[in-house]
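So for the sequence shown, the UniProt record's numbering puts the first residue at 1; every next one is plus one. Even glycine gets a Cβ: it sits at the ideal position worked out from N, Cα and C.
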Amino acid sequence: MTKCNELYHQVPVGEARPFWKGTLDTCISGCAPTSPNSACDPGTTATTISPTSMKDELIAAQAVCTRAKAAVIEMFSHARMGRALELESITSLVDDISSSIARHPDAFISLARLKSIDDYTYMHSVAVCALMIALGTQLKLPPALIRRAGLAGLLHDIGKMVIPNAILNKPGRLSSDELQVVRRHPLEGEKTLQGTAQVCELVVDVCLHHHERVDGTGYPHGLAGEQISVFSRMAAVCDVYDAVTSDRSYNQGWDPAVAIQQMSTWQGHFDDEVFRAFLKAVGIYPVGSIVQMKSGTIGVVIEQHTYSLLTPKVKLFFLPVLNIYITPKVIDLSDPAQTDRIIARVPPQRYGFKNTEHLWLDDNEPN
Numbered sequence: 001m002t003k004c005n006e007l008y009h010q011v012p013v014g015e016a017r018p019f020w021k022g023t024l025d026t027c028i029s030g031c032a033p034t035s036p037n038s039a040c041d042p043g044t045t046a047t048t049i050s051p052t053s054m055k056d057e058l059i060a061a062q063a064v065c066t067r068a069k070a071a072v073i074e075m076f077s078h079a080r081m082g083r084a085l086e087l088e089s090i091t092s093l094v095d096d097i098s099s100s101i102a103r104h105p106d107a108f109i110s111l112a113r114l115k116s117i118d119d120y121t122y123m124h125s126v127a128v129c130a131l132m133i134a135l136g137t138q139l140k141l142p143p144a145l146i147r148r149a150g151l152a153g154l155l156h157d158i159g160k161m162v163i164p165n166a167i168l169n170k171p172g173r174l175s176s177d178e179l180q181v182v183r184r185h186p187l188e189g190e191k192t193l194q195g196t197a198q199v200c201e202l203v204v205d206v207c208l209h210h211h212e213r214v215d216g217t218g219y220p221h222g223l224a225g226e227q228i229s230v231f232s233r234m235a236a237v238c239d240v241y242d243a244v245t246s247d248r249s250y251n252q253g254w255d256p257a258v259a260i261q262q263m264s265t266w267q268g269h270f271d272d273e274v275f276r277a278f279l280k281a282v283g284i285y286p287v288g289s290i291v292q293m294k295s296g297t298i299g300v301v302i303e304q305h306t307y308s309l310l311t312p313k314v315k316l317f318f319l320p321v322l323n324i325y326i327t328p329k330v331i332d333l334s335d336p337a338q339t340d341r342i343i344a345r346v347p348p349q350r351y352g353f354k355n356t357e358h359l360w361l362d363d364n365e366p367n
């Protein structure tokens, strides 16, 4: 059994984590808004949201993604020019993203991962927002804290707006001097957010400390263990996952399942409790993962089951032994009558697969 599969089985689905006992009251009292009308305050009364199919939610999620990108571009532009941040529209986006994840958790997160190299800075913030909401939901946080965690994800990289684009988008490795410039962004973000009266302390903390690591090897302050807030520990996982699964100017993104597998081996990087919950939130085989089946075929994960994350729906499309594409066929591994199963994760580069997202976007549900 792989490391991440072992972690998965250590946390029963739906179990409230002891990790949070005695912590939430501290978080709530320590993350008070800096103004009575803070953007961190709940905007509307919680309502029951009905689940929908992956196919239907992809349509709604795409509209939210488009609006989120435009709003974040505008917000970051204001930050670059030194203008005060206006967060009313941004917080409504957090609510829209939360609603999408509540209707179907895979759709928005999967779409937000599909970003062009040029869009990375903006859509990375949107993706981390969604991941923070999904993780907070998995950890059974109160709705008010989930909302704040989502806003923190949206604003965690605001400090990058003072970093020259030539450095942010440089193709190739950064020099030591350039790396030091990039590593200033948490401190620059803190300055920006402290000048915004509508932002609560939780959001500022995540912006400042999302690059800290539990073993003390992170930056900017080299905090370790309990010195790092639970929300910054959450952000550390969400930030890295989206970064390594995204194409960058200097590197091709990892397959989602490969990313989960690799991150599970990075001892000392992440809080174990948080990472286990993250596995529950995104799954062992996130939508879009390329997998090898016992039957010998290659498939792509098109949908997960919340009750059985190890047995998703898979669309078979390639036969390696003949090196040919086959007529796509969807199988549901949770079906007791289904004898095929996943035996390995497959890096898309192994077979030269490109733009595999069309396999789960174009026809997510079989007709």
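At a cut of 8 Å, does the segment 135-143 reach the segment 308-325 through at least three beta carbon pairs?
-> no
What are the start and end residues of the alpha helix (DSSP H) that includes Leu145?
-> Pro143 to Leu155
Classify Arg248 as helix, strand or coil using the three-state DSSP reduction.
-> strand
DSSP state of Tyr307, grouped into three classes?
-> coil
Residues near Ser99 by beta carbon distance below 7 Å, same chain, minus five either side | Ile49
From Leu322 to Gly352, what distance separates their C-alpha atoms?
-> 14 Å
Inter-stretch contact (C-beta, 8 Å, three-pair minimum) for the segment 188-195 and the segment 221-231 | no
Quick one: residues in its chain with C-beta nearer than 6 Å to the C-beta of Leu58, no 5 flanking neighbours on either side, listed in chain order?
-> Ala107
Through-space distance from Gln227 to Arg248, alpha-carbon basis | 31 Å
Taking just the CA atoms, how far does Ala71 sit from Glu273?
-> 33 Å
Terminal residues of the continuous beta strand (DSSP E) containing Met161?
-> Taken as a continuous stretch (DSSP letters only), Met161 belongs to no beta strand (DSSP E), as it is neither H nor E.
Would you tell me roughly how many angstroms separate the C-alpha atoms of Asp215 and Gly268, rounded to the nearest one?
-> 5 Å
Buried or exposed for Arg83, please, with buried defined as at least 16 other CB atoms from any protein chain shown within 10 angstroms of its CB.
-> exposed
According to DSSP, is Lys191 helix, strand or coil?
-> helix
Please work out which residues of its chain come closer than 6 Å, Cβ to Cβ, to Trp254, disregarding the five sequence neighbours upstream and downstream, and give them in chain order.
-> Val244 and Thr245
Considering only C-alpha positions, which residue in the set Ser175, Gly296 and His211 is nearest to Asp157?
-> His211
DSSP three-state call for Phe270: helix, strand or coil?
-> coil
Spatial distance of Gly150 from Gly195 (CA atoms) | 20 Å
Helix, strand or coil at Ala63 according to DSSP, with G and I counted as helix | helix
Just the C-alpha distance for Gln261 and His124, rounded to the nearest angstrom, thanks.
-> 21 Å
Count the other CB atoms within 10 Å of the CB of Lys160; is the residue buried (16 or more) or exposed (fewer)?
-> buried
Report the rounded CA-to-CA distance for Ile302 versus Asp177, giving the unit in angstroms.
-> 43 Å
Gln338 in three-state terms, based on DSSP | coil
Cβ of Thr265 within 8 Å of any chain B Cβ | Protein chain content of the structure displayed is limited to a single chain, and chain B is not contained in it.
Status (buried if at least 16 other CB within 10 Å, exposed otherwise) for Asp205 = buried
For Ile343, is the classification buried or exposed, using 16 other Cβ atoms within 10 angstroms of its Cβ as the cut-off for buried?
-> exposed
Can you list the alpha helix (DSSP H) stretches of 4 or more residues lying completely in the segment 197-251, in chain order?
-> 201-209 and 230-244
Given a cut-off of 8 Å, decide if Met75 and Cys238 are closer than it, judged by their beta-carbon atoms.
-> no
Do Ile298 and Pro328 have their C-beta atoms within less than 8 Å of each other?
-> no
Does the distance from the C-beta atom of residue 385 to that of Val300 stay below 8 Å?
-> Residue numbering for the chain in the displayed model covers 1 to 367; residue 385 lies beyond these limits and cannot be assessed.
Report buried or exposed for Pro286, applying the criterion of at least 16 other Cβ atoms within 10 angstroms of its Cβ.
-> buried
Where does Arg173 sit, in a helix, a strand or coil, going by DSSP?
-> coil
Go to Thr121, then tell me how far its alpha helix (DSSP H) extends in each direction, as first and last residue.
-> Tyr120 to Gln138
Exposure label - Tyr120; buried when at least 16 CB within 10 Å | buried
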